[in-house]
Amino acid sequence: MNEPTTHQAAPLVVHQPTPITSAAVHAAPVVPLQPGTIPAVASVVLQDGRVVTGYAVAPAQPEPVAAKPVVSRTAVNVALGGVGFLAVCGGLLLLTSFIAALTAFIGQLITLAAVVFGGWIAVQVLGSSSGKGGTTVNIRRAVFKRNQFHG
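Quick note: to get our numbering, add 510 to the position in the sequence shown (first position is 1).
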């Protein structure tokens, strides 16, 4: 059961790096940097004596978390919608009141015009005929004596 097993070791494959020819290299465009933006070079000596040189990288600063508002935006939107609805209802109430008042006013104007115009027509029809141009006939008492007319 516990017999040692013999495994055949797989042959090692060694890869040699392929040199890059100058025809395969594309020069990257050089971006000019401002003199103040070049980071300082830092050297660190490790415990075994090796020296590591490189650029100092500033630790990543987390983005500041925006403070949550005390009232949610949805609640504010609902409240503003309610205020807008009340304003519209008030405006509609005023509009209907205005239309009712305008209708009553027009009815009163029509009634006033009918009374005035009707009165004018009544005066024209039933008024006195004096002062109008026309034939005036004066009738006198006629006296009849013995079949003779004395006028």
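Virtual Cβ for every residue (Gly too), placed ideally from N, Cα, C.
This one's a predicted model, so the numbers in the text were calculated from it and none came from an experiment.
Inter-residue CB distance, residue i and residue j (contact presumed, cutoff 8 Å)
i    : j    : result
V562 : V554 : 5 Å
Where the alpha helix (DSSP H) containing residue i begins and where it ends
i    : result
S607 : R583 to L636
First and last residue of the uninterrupted beta strand (DSSP E) at residue i
i    : result
A552 : V551 to V555
V562 : V561 to Y565
Buried or exposed by the 16-neighbour rule on C-beta atoms within 10 Å, applied to residue i
i    : result
T621 : exposed
A534 : Residue confidence is low: A534 scores 49 on pLDDT, short of 50, so the model does not pin down where it sits. No coordinate-derived value is stated.
Reference residue i, options the options, closest by Cα
i    : options             : result
V581 : V575, P574 and A589 : A589
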